[in-house]
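Colleague: Take this structure first; my questions come after.
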Amino acid sequence: MASKKGPGGPARGHIFDLHVHSTGSADSTLSLGLAISRARELGLCGIAITDHDRLTVVEPALPGLVAVPGAEITTQWGDLLALGISELPDNSLGVPEIVESIHSQGGVAVIPHPFTDLPNSMNDRTLEIIGIVDGLETASPRKAADNLRARKLARLHDKAQVGGSDAHALDEMGRSLTICDSPDVAGLLAAIRAGKTQAVGNGRMGIGSRASGLG
Numbered sequence: 006m007a008s009k010k011g012p013g014g015p016a017r018g019h020i021f022d023l024h025v026h027s028t029g030s031a032d033s034t035l036s037l038g039l040a041i042s043r044a045r046e047l048g049l050c051g052i053a054i055t056d057h058d059r060l061t062v063v064e065p066a067l068p069g070l071v072a073v074p075g076a077e078i079t080t081q082w083g084d085l086l087a088l089g090i091s092e093l094p095d096n097s098l099g100v101p102e103i104v105e106s107i108h109s110q111g112g113v114a115v116i117p118h119p120f121t122d123l124p125n126s127m128n129d130r131t132l133e134i135i136g137i138v139d140g141l142e143t144a145s146p147r148k149a150a151d152n153l154r155a156r157k158l159a160r161l162h163d164k165a166q167v168g169g170s171d172a173h174a175l176d177e178m179g180r181s182l183t184i185c186d187s188p189d190v191a192g193l194l195a196a197i198r199a200g201k202t203q204a205v206g207n208g209r210m211g212i213g214s215r216a217s218g219l220g
């Protein structure tokens, strides 16, 4: 159990990095083995490997670390995180149909870095699907990310706030994180659906930082 100081005092929970790219993504230099080792060094409860349009399921189960199956899907409107899925949705479908496919598998749909000046962000399209997605990434470490706007929108629509490092290299892991009360995949997904997660991080965590020392 890790802890972090929140606005109302210490907040406790299990800490996940839900947006990590391995070498299964062409633009990442981070091997799966290094990602797992770094997650353990940071004291994380778990990670999601979210390679571009590729589902990564880590098997067998990892001792002491939860591996959340996931992918970052390139949609017609921008990127979409699919967490807790067993099959990769067809990204040629419309975005509402992709979200439906994720939900039909028992997974959750989270919009990463929703508001940036980059072409792979949904930006105003976020408003068109805010009613059907499960959460927004509101602590994106991307310099161009408007996290304040994302947080306000998530609060307005009672959506989960999710943190993920969007790591493509070893020293990028842990820059932004998700806290929830559950230490397993099922509980994490349920917390996201219920809007009961916290997003933490300002992009400045680096080598030597531990999740248990957030604050």
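Under the working numbering, the residue at position 87 of the sequence shown is numbered 92, and the numbers go up by one with no gaps.
Glycine included, C-beta positions come from ideal geometry on N, C-alpha and C.
Check this for me: beta carbons of alanine 174 and leucine 35, under 7 Å apart or not?
Modeller: Contact: yes.
Colleague: Excluding the 5 residues preceding and the 5 following glutamate 261 in the sequence, name in chain order all residues of the same chain whose CB lies nearer than 6 Å to its CB.
Modeller: Any question about residue 261 goes unanswered here, given that the chain covers just 6 to 220.
Colleague: To the nearest angstrom, how far is the alpha carbon of proline 101 from that of aspartate 95?
Modeller: One C-alpha to the other measures close to 12 Å.
Colleague: I'd like to know whether the C-beta atoms of histidine 24 and cysteine 185 end up nearer to each other than 7 Å.
Modeller: Cβ distance not < 7 Å, so histidine 24 and cysteine 185 don't count as in contact.
Colleague: In its own chain, which residues sit with a C-beta less than 6 Å from the C-beta of threonine 131, not counting the 5 before and 5 after it?
Modeller: Ile116, Pro119.
Colleague: If you draw a straight line from the alpha carbon of threonine 202 to that of phenylalanine 21, how long is it in whole angstroms?
Modeller: Approximately 10 Å between the Cα atoms of the pair.
Colleague: Can you tell me the Cα-Cα spacing of glycine 112 and alanine 172, whole angstroms?
Modeller: The alpha-carbon atoms of glycine 112 and alanine 172 are separated by roughly 22 Å.
Colleague: How close, in whole Å, do the beta carbons of threonine 121 and arginine 147 come, if the pair is a contact with beta carbons under 8 Å?
Modeller: Confirmed, Cβ separation roughly 6 Å.
Colleague: Restricting to Cα atoms, I'd like to know which of Lys164, Asn152, Arg198 is closest to serine 181.
Modeller: It is Asn152 whose Cα lies nearest to the Cα of serine 181.
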